[in-house]
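What follows is a single structure, written as structure tokens, with notes after it.
In our numbering, the protein residues as written are 18 to 278.
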């Protein structure tokens with residue numbers, strides 16, 4: 018049995034998962050997972066000790082060198098060293114269409130690997146909703162065509178609070194016709210994000226000559242589900258699925274094993 022630790026250091030949270038596979042596991046699976054704010058990174062080692070000990074670790078980090086170093090210190094206390102990924106010109110069947118491939122966020126790159134593993138012969142629109150929102154277009158032949166970045170729900174709200182008076186209100190809900198400020202803010206943010214997603218969906222459909230699969234992921238994905246207005250699949254661990262593809266390529270896992278969908 019092989020245990021592999023997966024790490025995703027985002028702008029505000031650290032996500033982790035322990036994947037189990039090997040000859041004794043005909044259906045490999047994610048055994049355990051969790052998330053914590055960056056302020057709590059020093060709890061990672063203690064949290065992982067409650068689960069089977071991983072033999073290796075692979076991860077992506079976009080939070081900067083300080084947060085990454087704090088995670089590495091926690092891993093060192095467990096005798097682990099993380100294999101951090103970056104965005105190369107080509108990997109796991111995906112060709113990186115960024116002008117400078119290395120500048121594409123490693124989490125976006127991992128999500129694209131996961132999308133390709135799920136839908137190898139179809140165009141895919143990847144909508145990831147976190148601190149920031151990314152909407153990325155993957156062609157059926159594996160080309161990453163590009164994507165857009167816009168503020169997530171929290172950043173939109175903070176921008177409005179900073180630029181106006183009296184908007185310090187509780188979090189609202191998505192409404193068809195919002196009749197209070199809280200719901201108006203939430204619904205406005207959801208419609209802004211969904212509008213961008215629909216435009217990118219239309220562009221990808223036109224280019225590919227067929228309707229793309231839409232994958233919705235990220236910690237704030239549930240806030241967008243009702244407003245997206247597109248048939249979609251919600252994927253909880255798309256970045257992890259991409260990390261597993263890369264782990265297989267790097268020999269950390271047997272290549273004939275895959276994450277249970």
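C-beta: ideal position from N, C-alpha, C; glycine also.
Between residue 71 and residue 20, the C-beta spacing is below 8 Å. Secondary structure at residue 112: strand, using DSSP grouped into helix, strand and coil.
In the structure shown, the three-state DSSP call for residue 57 is helix.
Going by beta carbons, residue 94 and residue 62 fall inside the 8 Å limit.
Runs of the beta strand (DSSP E) lying entirely within the region 145-179, each at least 3 residues long, are 149-155, 160-168 in chain order.
Residues 195 of the same chain have their beta carbon placed closer than 6 Å to that of residue 201, with the five preceding and five following residues left out of the count. Residue pairing of residue 100 in beta bridges, as defined by DSSP: 75. Only exposed fits residue 175, as fewer than 16 other CB atoms lie within 10 angstroms of its CB. In the DSSP assignment, residue 218 falls within the unbroken alpha helix (DSSP H) covering 198-225.
Within the same chain, 146, 147, 169, 170 come within 7 Å of residue 237 by CB-CB distance, once the 5 residues on both sides are set aside. In this structure, the beta-carbon distance from residue 207 to residue 191 falls below 8 Å. Following the DSSP letters along the chain, one finds residue 129 inside the alpha helix (DSSP H) bounded by residues 123-135. Residue 132 places its beta carbon less than 8 Å from that of residue 155. Relative to residue 129, the option among 23, 233, 242 whose CA is nearest is 233. Secondary-structure assignment with DSSP links residue 35 through a beta bridge to 22, 49. Across the set 109, 268, 68, 58, the C-alpha of 58 shows the shortest separation from the C-alpha of residue 89.
In summary, residue 231 is buried, with 16 or more beta-carbon neighbours lying within 10 Å of its beta-carbon over all protein chains present. For residue 260, the uninterrupted alpha helix (DSSP H) run begins and ends at 255-266, by DSSP. Out of 28, 104, 18, 205, the CA that lies nearest to the CA of residue 82 is found in 28. A Cβ-Cβ distance of about 5 Å is found for the pair residue 76 and residue 99, placing them in contact under the 8 Å criterion.
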